[in-house]
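Reviewing the structure listed below.
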Amino acid sequence: MPLVLYNTLTRQKEAFEPLNPSAVGMYVCGPTVYDRAHIGNARPIIVFDVLYRLLKRLYPSVTYVRNITDVDDKINARAKENGEPISALTERTTRMFHEDIAALNALPPDIEPRATAHIAQMIAMIETLIDKGHAYAAEGHVLFSVPSMPDYGCLSRRSQDELVAGARVEVAPYKKNPADFVLWKPSSDDLPGWDSPWGRGRPGWHIECSAMSAQYLGKTFDIHGGGQDLVFPHHENEIAQSRCAHGQPFARYWVHNGHLMVEGEKMSKSLGNFFTVRDLLEQAPGEAIRLCMLSTHYHQPLDWTNEGLKQARQAMDRFYTALRNAEDVEAVGREELPLEMLAALEDDLNTPLAIAHLHELAGALNKAASPEEKARAKGRLLAAGDALGVLQQDPEHWFKWSAAGGDVDEIEIESLIRQRMEARKARDFALADRIRDDLAARGILLEDGAGGTTWKRA
41 MPLVLYNTLT RQKEAFEPLN PSAVGMYVCG PTVYDRAHIG NARPIIVFDV LYRLLKRLYP
101 SVTYVRNITD VDDKINARAK ENGEPISALT ERTTRMFHED IAALNALPPD IEPRATAHIA
161 QMIAMIETLI DKGHAYAAEG HVLFSVPSMP DYGCLSRRSQ DELVAGARVE VAPYKKNPAD
221 FVLWKPSSDD LPGWDSPWGR GRPGWHIECS AMSAQYLGKT FDIHGGGQDL VFPHHENEIA
281 QSRCAHGQPF ARYWVHNGHL MVEGEKMSKS LGNFFTVRDL LEQAPGEAIR LCMLSTHYHQ
341 PLDWTNEGLK QARQAMDRFY TALRNAEDVE AVGREELPLE MLAALEDDLN TPLAIAHLHE
401 LAGALNKAAS PEEKARAKGR LLAAGDALGV LQQDPEHWFK WSAAGGDVDE IEIESLIRQR
461 MEARKARDFA LADRIRDDLA ARGILLEDGA GGTTWKRA
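Numbering-wise, the sequence shown is residues 41 to 498 according to our numbering.
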């Protein structure tokens with residue numbers, strides 16, 4: 041079946057037909073780098089990584105662009121609060137972002153443009169909007185004129201009253217209309233700024249993505265992605281700027297992941313349920329976090345729970361156990377995705393169904409009798425894991441993962457296992473059992489098999 045995606049612009053699932061099947065383009069809004077990524081930030085990273093992996097299977101060339109917003113008032117405020125240079129803050133938090141999402145097995149985008157490297161493109165786009173009557177300068181600012189675009193609001197489908205209400209935080213005397221939004225703003229000497237026809241200043245947030253997507257994907261491209269919270273005003277304003285500047289359609293398919301809750305409540309520092317990706321990586325392996333995220337369909341709200349993460353980790357244990365039991369054979373056919381997995385992902389990234397198939401494939405591997413059957417089943421399981429970005433490590437490495445600050449190291453565990461083997465040979469079963477029980481109490485489970493004793497962390 042063809043790839044089908046839910047298009048926010050049309051409010052329906054549509055068959056994906058790229059502008060050029062030989063060169064698919066996708067743009068996803070990236071982080072504003074002033075702090076560590078939280079788990080709400082992680083959801084679009086994982087969702088669009090799965091879509092990227094699928095597109096790369098279906099088309100010969102895919103260009104995935106995900107930006108870094110490194111000029112923003114939140115960044116300015118945090119740098120001032122920390123007493124550090126803005127450049128030091130953005131470099132440090134960008135590095136942390138890359139480390140955290142790599143631990144979630146997210147592939148790097150093909151292009152990762154930084155806003156500060158594209159100021160010239162933003163200024164040129166703003167000048168075009170002014171020339172075409174869609175923007176105006178006022179008191180060192182440049183604003184987009186919302187009334188100049190008759191169908192403004194086509195993505196979010198908000199009424200004019202709702203649009204004005206959404207813009208009230210930016211109401212200012214220099215605006216011609218309350219809904220008009222900032223393309224360029226003046227900068228004082230202590231803030232980042234660039235020379236422009238309107239004086240020294242910096243760009244508004246929305247113009248950044250319009251300029252960078254045009255630079256790398258063209259004025260019209262295939263897929264624009266992001267979280268549902270970006271539909272209005274960010275993506276709405278991107279559409280307005282880009283269509284009015286270029287006189288042609290912008291992104292053809294708008295794909296948005298749903299909101300994230302934590303234990304049934306909105307994530308909030310005041311509620312004590314605010315978690316960064318790094319917080320979770322100190323509790324569980326990245327692949328378990330990833331599988332937990334994918335257990336809910338991307339378009340639906342996700343309720344993040346400790347129980348859900350526990351179940352995801354148990355599922356990963358099962359998959360890796362099947363692979364560990366098949367270590368004696370080389371996988372065959374790993375490059376070929378099982379048809380049932382492909383069908384699930386082509387149906388608007390139905391990852392819950394894909395995970396169900398992953399369980400079936402692990403079961404088939406466990407039941408495989410001959411070496412040939414086992415090799416094919418192993419290849420199918422690994423291929424399915426590749427599509428979801430899991431099962432990317434050696435099974436022994438998975439089972440020996442430990443959270444930071446774990447109190448038992450691998451050398452000690454192996455030593456105790458040898459002591460237990462010697463005790464069993466000496467028929468000192470009480471000592472052997474005591475070693476097993478002591479390790480179990482410390483979260484280390486031993487498994488005896490024909491090939492010897494293996495261990496994993498509980």
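The C-beta atom is built at its ideal place from N, Cα and C for all residues, glycine as well.
Treat the numbers as computed from the prediction; the structure is a model and nothing was measured.
query                                                                                                                                                                   : result
In or out: K407 buried (at least 16 other Cβ within 10 Å) or exposed?                                                                                                   : exposed
Determine the extent of the beta strand (DSSP E) in which R106 is found, giving its start and end residues.                                                             : 102-106
From A415, D343, D140, W495, pick the residue whose C-alpha is nearest to that of A324; which is it?                                                                    : D140
Pull the bridge partners of R242 from the DSSP assignment, please.                                                                                                      : K225
Between which two residues does the beta strand (DSSP E) carrying K53 extend?                                                                                           : 52-55
Buried or exposed: where does K418 fall if 16 or more other Cβ atoms within 10 Å of its Cβ makes it buried?                                                             : buried
Candidates N81, K496, R132: which alpha carbon is nearest R353's?                                                                                                       : K496
In three-state DSSP terms, what is A146?                                                                                                                                : coil
Pull up the distance between the alpha-carbon of L130 and that of E380, whole angstroms please.                                                                         : The displayed chain sequence assigns Thr, not Leu, to residue 130. If you take the alpha carbons of T130 and E380, they lie about 43 Å apart.
Could you tell me the distance, in whole angstroms, from the CA atom of V186 to the CA atom of G429?                                                                    : 42 Å
Excluding sequence positions up to five away, which residues of its chain have a Cβ less than 8 Å from the Cβ of Q161?                                                  : A251, M252, A254, Q255
By DSSP, does G445 sit in helix, in strand, or in coil?                                                                                                                 : Because G445 carries a pLDDT of 45, less than 50, the predicted location of this residue cannot be relied on, and no value is offered for it.
Distance check for L342 and R97, CA to CA, integer angstroms please.                                                                                                    : 27 Å
Evaluate R106 with the Cβ neighbour count: other Cβ atoms within 10 Å of its Cβ, from every protein chain shown; 16 or more gives buried, anything less gives exposed.  : buried
Closest to E370 by CA distance: which of P411, A402, H337 is it?                                                                                                        : P411
For P289 versus T260, is the C-beta spacing smaller than 8 Å?                                                                                                           : yes
CA-CA distance, G266 and C69?                                                                                                                                           : 6 Å
Taking the CB atoms as reference points, tell me whether I159 and W234 lie closer together than 8 Å.                                                                    : yes
What three-state label does DSSP hand F32 in the structure shown?                                                                                                       : Nothing can be reported for residue 32: it is not among the residues displayed for the chain, which extend from 41 to 498.
Check whether chain D comes within 8 Å of L95, counting only Cβ atoms and requiring the distance to be less than that.                                                  : Protein chain content of the structure displayed is limited to a single chain, and chain D is not contained in it.
Using a Cβ-Cβ cutoff of less than 7 Å, which residues in the same chain neighbour L183 once the five nearest sequence positions on both sides are dropped?              : A175, Y176, K215, D220, F221, V222, L223
Grab me the residues of G173's own chain with a C-beta within less than 8 Å of its C-beta, minus the 5 sequence neighbours each way, in chain order.                    : S185, S188
Specify whether the segment 142-150 and the segment 86-94 touch according to this definition: at least 3 beta carbon pairs, one from each stretch, less than 8 Å apart. : yes
Quick check: D387 and M66, are their CB atoms within less than 8 Å of each other?                                                                                       : no
Cα separation between V209 and P218?                                                                                                                                    : The predicted position of V209 is uncertain, since its pLDDT is 47 and thus under 50; a value taken from the coordinates is nonetheless stated next. Approximately 10 Å, taken between the alpha carbons.
Any idea which residues DSSP pairs A219 with across the strands?                                                                                                        : Paired residue(s): none; A219 is not in a bridge.
Do I108 and A77 count as a contact pair if the criterion is CB distance below 8 Å?                                                                                      : no
Just checking my contact of G239 with G180 at CB under 8 Å: how many whole Å lie between their CB atoms?                                                                : 5 Å
What's the call for R135, buried or exposed, on a 16-neighbour Cβ count within 10 Å?                                                                                    : exposed
Smallest Cα separation from P190: which of I395, W441, R283, E487?                                                                                                      : R283
Which of the three DSSP states is assigned to A291 in this structure?                                                                                                   : strand
Which of the three DSSP states, helix, strand or coil, is assigned to A175?                                                                                             : strand
Is D368 helix, strand or coil when you go by DSSP?                                                                                                                      : coil
What residues in its chain sit with their C-beta under 8 Å from that of L270, if we drop five residues either side in the sequence?                                     : C69, H296
Between the alpha carbons of R198 and L49, how many angstroms are there, rounded?                                                                                       : 12 Å
Mind checking F60: buried by the 16 CB within 10 Å criterion, or exposed?                                                                                               : Per the sequence shown, the amino acid found at residue 60 is Asn instead of Phe. Flag for N60 reads exposed.
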